[in-house]
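Each remark here refers to the structure printed beneath this line.
Protein chains in written order, with our numbering: chain A, 19 to 420; chain B, 19 to 420.
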């Protein structure tokens with residue numbers, strides 16, 4: 019019943035698949051000896067040699083003779099990701115815009131950010147700002163370095179096919195063509211890819227964070243509301259239109275507060291920024307900074323703040339329990355504001371989880387804060403930007419050259 | 019980040035993959051001409067010819083010269099699934115045990131069933147009963163017909179690796195080795211596979227029911243409680259241990275009823291059998307029959323029954339909305355008791371869905387009753403039983419012969 023599996027495979031497809039496998043290995047794990055690649059891929063050593071040479075000829079890896087260890091046997095060439103291949107990543111958050119130049123080895127070569135007020139900025143304004151940030155991070159790229167893609171993370175639902183932001187309540191955007199505006203401004207002749215911030219946070223944590231090696235992951239992004247980036251059996255949960263993962267809008271408390279989506283009792287009404295600020299009366303004390311202040315106050319023993327944080331912690335646990343029952347993940351990663359909240363509310367979160375989680379999925383799940391913290395969506399955008407190259411290394415280069 | 023994609027592919031793997039593609043095509047769609055197979059698989063006509071001959075030599079398909087249409091050009095051989103290859107499927111429901119002999123073309127050749135009381139039957143009792151049912155459906159198989167697998171559906175969480183039923187509240191089972199007991203009783207030297215009834219219901223609806231051709235499917239099975247069989251991007255949602263899909267235990271009404279799992283406000287407390295019987299006081303009027311009677315009474319205008327059905331319908335809609343926001347499916351299929359409930363409560367269900375569903379995923383989703391109705395899990399068990407053969411036709415046969 020899997021359409022993708024229906025297609026027969028040709029020789030050429032097998033070769034391209036194997037090139038991709040090797041490039042992904044050095045991209046994710048760094049320099050690898052041919053012996054290590056042989057072991058990781060199941061391909062034989064001479065095939066690895068041929069494929070690595072092809073990647074080297076394309077300028078994607080370098081092959082380095084190892085320092086002799088004095089032992090017997092042939093030395094194993096080491097395959098390294100090329101130093102001068104990079105992507106540009108940007109992140110459109112509610113409060114912060116950021117950009118980075120990221121190498122094929124996953125290292126951030128340059129990074130730049132600016133704060134912005136919550137004032138429903140136009141796409142023109144946002145793209146102008148992003149453009150300046152990108153100019154900065156690209157300015158000191160070495161001569162001859164090659165940009166192979168642009169990836170963008172945005173706090174909203176995204177139509178993958180054309181980079182249209184369908185809905186971002188926090189930016190006040192409905193059907194905003196961010197992908198097109200960004201490519202118009204940057205003018206780089208490379209593939210552009212947009213993704214939802216929580217989806218990209220999950221991708222980053224799986225590639226280089228606390229969910230490395232996991233196949234079933236729930237990443238929760240606490241921003242103004244609550245986003246979910248979910249991976250099942252190693253694949254991102256996209257849904258039929260790319261809108262899956264709206265876990266903030268699961269009704270958990272039917273008699274609870276009205277949500278800005280219109281429904282009553284959505285999970286994010288109990289654990290979003292506003293839930294932390296429910297006892298704050300002045301409209302001037304809102305926003306991310308105010309929410310972080312409540313968490314700090316609770317940590318320092320303020321009783322009212324403690325009560326609020328405990329309540330939010332409990333509901334966070336209940337909603338996590340729901341997702342554990344649905345997805346049976348190996349790990350639930352807490353990102354954004356939840357990264358700061360969890361250490362303070364850990365006990366109540368775990369009580370909430372325990373009250374809801376069934377035994378079998380509860381036995382295997384681990385709760386963890388995001389290792390990449392607020393940088394997760396940006397790093398995920400970089401991974402997204404590398405994906406066309408890594409999925410089909412030679413095809414991507416041919417396409418760019420043409 | 020996909021482990022399965024890391025492995026390099028060899029020639030032999032490509033050939034096996036292509037054989038699988040062709041066999042799956044004729045299994046799911048029936049007799050196909052070589053021209054149709056060429057179109058469906060993207061392989062060229064001579065490759066199709068070679069592969070079809072291999073499958074024919076293995077006894078899995080027959081190649082039939084078509085009746086000449088009188089036109090020009092070569093006639094296209096028709097490839098049919100072999101008539102004498104079958105699987106045995108069984109379904110362990112709460113109230114009904116059933117067995118079927120199902121051909122490679124998907125047709126039920128023989129079927130048998132028996133009612134059982136809800137009295138926490140032992141696995142020995144259940145397997146003894148299943149054994150008799152299987153004996154009946156196998157008895158009139160043609161001489162020389164080959165059984166290639168046994169598939170079993172069970173109303174509980176299943177450890178796929180060894181067919182252990184981890185938990186079935188409705189049978190009163192905890193860690194019951196149904197797979198082993200079944201293979202001991204039946205004694206057939208073929209692969210055995212167990213699955214959860216809702217997962218198999220989803221599989222059946224996607225292969226031969228209302229979700230044909232869909233890649234993102236939520237199948238809801240209303241039995242005593244509520245099970246979910248979920249498919250995302252064409253793949254069943256299994257989770258890290260095979261326990262995913264426990265949608266009945268999503269907290270939707272935190273101040274609601276206590277669930278038998280111990281939590282308060284699980285979705286199934288609002289839409290399960292007991293919710294339909296909430297107004298019935300006598301313990302003697304419980305069970306599936308009583309729940310069906312409430313639905314019938316509502317349809318016939320009984321006011322109290324109508325009220326109950328409306329309430330359950332609303333909560334069914336709310337929970338469906340939750341799942342639509344999480345999964346962005348193409349279709350939500352209502353099976354089991356919900357198959358009967360939906361036509362009566364349709365209006366309220368849709369109101370609940372509309373109150374919760376976000377716009378983007380709401381635009382694309384379709385609600386549908388199960389086409390295979392109560393037979394869906396059994397038909398899914400048959401598909402599960404065919405899977406090893408179809409995934410690797412020659413490998414499966416070699417394995418059986420050895």
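Even for Gly, the Cβ is constructed at its ideal location relative to N, Cα and C.
Check                                                                                                                                                                                    : Outcome
Run down chain A in chain order and give the residues with a C-beta less than 7 Å from the C-beta of residue 279(B).                                                                     : 376
What is the DSSP secondary structure of residue 30(B), counted as helix, strand or coil?                                                                                                 : helix
Under the rule that 16 or more other beta-carbon atoms within 10 Å means buried, what is residue 400(A), buried or exposed?                                                              : buried
If residue 281(B) sits next to residue 374(A), beta carbons under 8 Å apart, how far is it from one beta carbon to the other, in whole angstroms?                                        : 5 Å
Taking C-beta to C-beta, are residue 231(B) and residue 246(B) nearer than 7 Å?                                                                                                          : no
Would you identify the three-state DSSP class for residue 167(A), choosing helix, strand or coil?                                                                                        : strand
Thinking C-alpha only, which one of 136(A), 102(A), 145(A) and 115(A) is nearest residue 127(A)?                                                                                         : 102(A)
Taking residue 380(B) as part of the alpha helix (DSSP H), name the residues at either end of that continuous run.                                                                       : 377–382
Taking the beta carbon of residue 318(B) as the centre, do at least 16 other beta carbons fall within 10 Å, making it buried, or is it exposed?                                          : exposed
Find the nearest neighbour of residue 129(A) within the set 153(A), 258(A) and 380(A), judged by alpha-carbon distance.                                                                  : 153(A)
For residue 143(B), go through chain A and note every residue whose CB falls closer than 7 Å to its CB, in chain order.                                                                  : In chain order: nothing, as chain A lies at least about 24 Å away.
Can you find a CB in chain A that lies within less than 7 Å of the CB of residue 188(B)?                                                                                                 : no
Just the chain B side, please: which residues come within less than 8 Å of residue 253(A) by C-beta, in chain order?                                                                     : 20, 250, 251 and 253
Cβ of residue 24(B) less than 7 Å from any chain A Cβ?                                                                                                                                   : Note that residue 24(B) scores 40 on pLDDT, short of 50, meaning its location in the model is unreliable and no value can be drawn from it.
If the cut is a Cβ gap below 9 Å, which residues of chain A does residue 267(B) touch?                                                                                                   : 339, 340, 343, 344, 374, 375 and 376
Along the beta strand (DSSP E) that carries residue 331(B), what are the first and last residues, could you check?                                                                       : Per DSSP, residue 331(B) belongs to no beta strand (DSSP E); it is in the alpha helix (DSSP H), 321–345.
Quick one: is residue 78(A) buried, meaning 16 or more other Cβ sit within 10 Å of its Cβ, or exposed?                                                                                   : buried
So which residues on chain A does residue 336(B) lean against when the C-beta distance must stay under 8 Å?                                                                              : 269 and 272
Mapping the DSSP letters down to three states, classify residue 261(A) as helix, strand or coil.                                                                                         : coil
Determine the direct distance from the alpha carbon of residue 53(B) to that of residue 24(A), and round the result to whole angstroms.                                                  : In this prediction, residue 24(A) has a pLDDT of 40, which is less than 50 and means its spatial position is unreliable; what the coordinates show is noted afterwards. If you take the alpha carbons of residue 24(A) and residue 53(B), they lie about 15 Å apart.
Please report the Cβ distance between residue 241(A) and residue 173(A), rounded to the nearest whole angstrom; I am assuming they are in contact, meaning their Cβ atoms lie under 8 Å. : 6 Å
Measuring only between beta-carbons, confirm whether residue 261(A) sits less than 7 Å from chain B.                                                                                     : yes
For residue 284(B), write down the residues that DSSP places opposite it in a beta bridge.                                                                                               : 269(B)
Indicate whether the contact test is met: 3 or more Cβ pairs, each with one atom in the stretch 327–336 of chain A and one in the stretch 351–367 of chain A, closer than 8 Å.           : yes
Mind checking whether residue 347(A) and residue 234(A) have CB atoms under 7 Å apart?                                                                                                   : yes
Is it a yes or a no for the stretch 115–124 of chain B touching the stretch 36–52 of chain B, going by three-plus beta-carbon pairs under 8 Å?                                           : yes
If we count the other Cβ atoms within 10 Å of its Cβ and call it buried at 16 or more, is residue 397(B) buried or exposed?                                                              : buried
Anyone know if the C-beta pair for residue 362(B) and residue 316(B) falls short of 7 Å?                                                                                                 : yes
Can you tell me the Cα-Cα spacing of residue 224(A) and residue 157(A), whole angstroms?                                                                                                 : 30 Å
Tell me, which residues are paired with residue 129(A) by DSSP?                                                                                                                          : 118(A)
Would you call residue 142(A) buried or exposed, if buried means 16 or more other Cβ atoms sit within 10 Å of its Cβ?                                                                    : exposed
Could you say which of 322(B), 372(B) and 387(B) lies nearest to residue 358(B) if we only look at CA atoms?                                                                             : 387(B)
Helix, strand or coil for residue 108(B), going by three-state DSSP, please let me know.                                                                                                 : strand
Can you look up residue 211(B) in the DSSP assignment and give me helix, strand or coil?                                                                                                 : strand
What separation, rounded to the nearest whole angstrom, lies between the Cα atoms of residue 236(B) and residue 270(A)?                                                                  : 19 Å
Listing by chain order, which chain A residues have their CB less than 7 Å from the CB of residue 234(B)?                                                                                : 257 and 258
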